[in-house]
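Following: one structure in structure tokens, then a few remarks.
Residue numbers (this note's numbering): 3 to 57.
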């Protein structure tokens, strides 16, 4: 997946929410068909190596 947009449109914020570095205020985030918005920090730690971000 790629996020493209003008400066200030929220690309980095969206990436931080996907990685759960920021808490989403509404909605859900799915990664590989699993809802990850409310998974435990241990499960998130196991999934993070599969989530690679390039800024």
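Think of the CB as a built atom: it goes at the ideal place given N, C-alpha and C, for glycine as much as any other residue.
Predicted, not measured: the structure shown is a model, and the values here were computed from it.
Query                                                                                  : Result
Selected residue, minimal CA-CA separation from residue 19, among 11, 36, 30 and 45    : 30
Anticipated Cβ contact below 8 angstroms, residue 21 with residue 15, distance rounded : That belief does not hold up - the Cβ atoms of residue 21 and residue 15 are roughly 11 angstroms apart, past 8 angstroms.
Beta-carbon proximity check, residue 46 vs residue 56, cutoff 9 angstroms              : no
Per DSSP, the bridge partner or partners of residue 37                                 : 32
Range of the contiguous alpha helix (DSSP H) that encloses residue 49                  : 43-49
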